[in-house]
Amino acid sequence: MFYGTDDISVAVNICNFNTTIMSSIKINEQDWQVAKIKLSRKYNHLTDDDLYYAPGEEEQLVERLAKRLKRTKDYVVFTISKQLEDLSSNRL
1462 MFYGTDDISV AVNICNFNTT IMSSIKINEQ DWQVAKIKLS RKYNHLTDDD LYYAPGEEEQ
1522 LVERLAKRLK RTKDYVVFTI SKQLEDLSSN RL
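Using my numbering, you'd call the opening residue of the sequence shown number 1462 and step up by one each time.
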């Protein structure tokens, strides 16, 4: 199958966008403890194993949650970011 240069450009831009999204989320251990509780309340079917996070393993966490929630990685990154943004809020 032949792909035009516009198709290749779009594919490269999408890959770059996904890389940017993944690298933009940084989770600190202390904040994660609070965010994890909020996520487990919002998605009560998530287990401790699903929500397990070790420093530097953001990508594995996002992939695991995306699969478990049946959502995209972008959605998971957005959701985690929102939880980390305002840790003192009870809003889910």
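All C-beta atoms in this analysis are idealised placements derived from N, C-alpha and C, irrespective of residue type, glycine included.
Annotated three-state conformation of L1548 is coil, per DSSP. Counting C-beta pairs closer than 8 angstroms gives three or more between the region 1540-1550 and the region 1483-1503, which meets the contact rule. Residue range E1519 to L1530 is occupied by the alpha helix (DSSP H) that includes L1530. When the five nearest sequence neighbours on each side are left out, the beta carbons in the same chain lying within less than 7 angstroms of the beta carbon of T1533 are those of A1527, in order along the chain. If you draw a straight line from the Cα of S1550 to the Cα of A1496, it is about 10 angstroms long.
By the C-beta density criterion, Q1544 is buried, having at least 16 other C-beta atoms within 10 angstroms.
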